[in-house]
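Some notes on the structure that comes next.
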Amino acid sequence: MMKVLRVLCPVIIGLTVLLGSQSYAGGPDPNIYACKESPQIFSPIDPPDFFPKSNNLRRKNGSPTLAEGTPMRIVGRLLDKHCTPVEGASIYMWQANVFGNYQGYYDNNEKADINFAGGGSTVTDNMGRFDFLTVMPEPYKNRARQVHFIIHDKNVGKFETIMYFPNNPANMDDPQFLSLTPEKRRVSVAQAYTDPTFPTFEDHTFFFPITLPVKAKYRGF
Numbered sequence: 005m006m007k008v009l010r011v012l013c014p015v016i017i018g019l020t021v022l023l024g025s026q027s028y029a030g031g032p033d034p035n036i037y038a039c040k041e042s043p044q045i046f047s048p049i050d051p052p053d054f055f056p057k058s059n060n061l062r063r064k065n066g067s068p069t070l071a072e073g074t075p076m077r078i079v080g081r082l083l084d085k086h087c088t089p090v091e092g093a094s095i096y097m098w099q100a101n102v103f104g105n106y107q108g109y110y111d112n113n114e115k116a117d118i119n120f121a122g123g124g125s126t127v128t129d130n131m132g133r134f135d136f137l138t139v140m141p142e143p144y145k146n147r148a149r150q151v152h153f154i155i156h157d158k159n160v161g162k163f164e165t166i167m168y169f170p171n172n173p174a175n176m177d178d179p180q181f182l183s184l185t186p187e188k189r190r191v192s193v194a195q196a197y198t199d200p201t202f203p204t205f206e207d208h209t210f211f212f213p214i215t216l217p218v219k220a221k222y223r224g225f
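Heads up: the sequence shown begins at 5 in our numbering, then just goes up one per residue.
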């Protein structure tokens, strides 16, 4: 059973990109997705046994040592089928490391990175936004480079999907990506953009909204 490892370190939030109101040139274009429903894609790789309660996969909680690999940031927004932000949903994310291996699936010890968290978690804010700091993953075996997400929320249930990377020819060799319709492929590919407000991740920031196929329940007043 998937568990969340509770820690004392704070979760990094600070999302500066707002859909439809970028404060700088080069921000993501929300019209590319236009609130199109995300496909449910189940991961062929089991999630980690524990998800740290942190959105920073570049280091393990309490460790000063960073994982190997190019720093990467994923910015997203969780919406329901009517394009309404889903607040307070738990987002769990996991991926391969810079050597193309998942935590617990190492082909050999040379492909392990003891400083890489392997997975992380966060909670959407009142605008449905979420944010992860990680490293660029390498592909695992015959799969295209990808990032896995599970959403848990009492009002919308559980949803799982996969983020693919733009301008990656390997996408067209990935069996799960090929099984999607052309429209579902488009919304499964993240949008790369430049964010000068986060210099470490400036050239490797990806926008990946997730639109659920259900209507969220809202609190009455």
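All C-beta atoms, glycine included, are put in the ideal place defined by N, C-alpha and C.
What you are looking at is a predicted structure, and each value in this text was computed from that prediction instead of being measured.
| query | result |
| --- | --- |
| Specify, as a first and last residue, the run of the beta strand (DSSP E) that E164 falls within. | 161–168 |
| DSSP three-state call for F205: helix, strand or coil? | helix |
| So, at 8 Å on beta carbons, what are the nonlocal neighbours of V127 in its own chain, with the 5 sequence-adjacent residues on each side left out? | V15, G92, A93, S94, I95, F134 |
| Find the nearest neighbour of E72 within the set F181, K221, R190, R63, judged by alpha-carbon distance. | R63 |
| Do I78 and F212 have their beta-carbon atoms positioned less than 7 Å apart in this structure? | yes |
| Leaving aside the five residues before and after N105 along the sequence, list all residues of the same chain whose C-beta is less than 8 Å from its C-beta, in chain order. | D111, K115, A116, Y144 |
| Tell me whether P75 sits in a helix, a strand or coil according to DSSP, three-state version. | strand |
| Just curious, the alpha helix (DSSP H) that Q180 is in, first and last residue? | 179–182 |
| List the residues that DSSP assigns as beta-bridge partners of N60. | L137 |
| In this structure, how does DSSP classify S192 when only helix, strand and coil are distinguished? | helix |
| Is the beta carbon of D84 sitting closer than 7 Å to the one on A220? | yes |
| Looking at the strands, I want to know which residues DSSP matches up with A151. | One detail in the question is off: residue 151 reads as Val in this sequence, not Ala. Answer is Q99, M167. |
| Taking the C-alpha atoms as reference points, what is the distance between R81 and I214? | 6 Å |
| Judging by CA-CA distance, which residue of Q44, A100, P217, F169 is the nearest neighbour of D50? | A100 |
| Look at the alpha carbon of P56 and the alpha carbon of A121, and state the distance between them as a whole number of angstroms. | 8 Å |
| Going by the CB atoms, is the gap between V102 and V151 shorter than 7 Å? | no |
| Just checking my contact of S192 with M176 at CB under 8 Å: how many whole Å lie between their CB atoms? | That belief does not hold up - the Cβ atoms of S192 and M176 are roughly 13 Å apart, past 8 Å. |
| So for P213, helix, strand or coil by DSSP? | coil |
| Would you mind reading off the limits of the beta strand (DSSP E) that contains S125? | 123–127 |
| Using CA coordinates, which residue listed in F136, K188, E41 is at the minimum distance from P88? | The question names Pro, but residue 88 in the sequence shown is Thr. That would be E41, whose Cα lies nearest to the Cα of T88. |
| So what does D157 bridge to, in DSSP terms? | G161 |
| Roughly how many angstroms lie between the CA atoms of G123 and N171, to the nearest whole one? | 24 Å |
| Identify which residue in P48, S125, S183, S58 has its Cα closest to the Cα of H156. | S125 |
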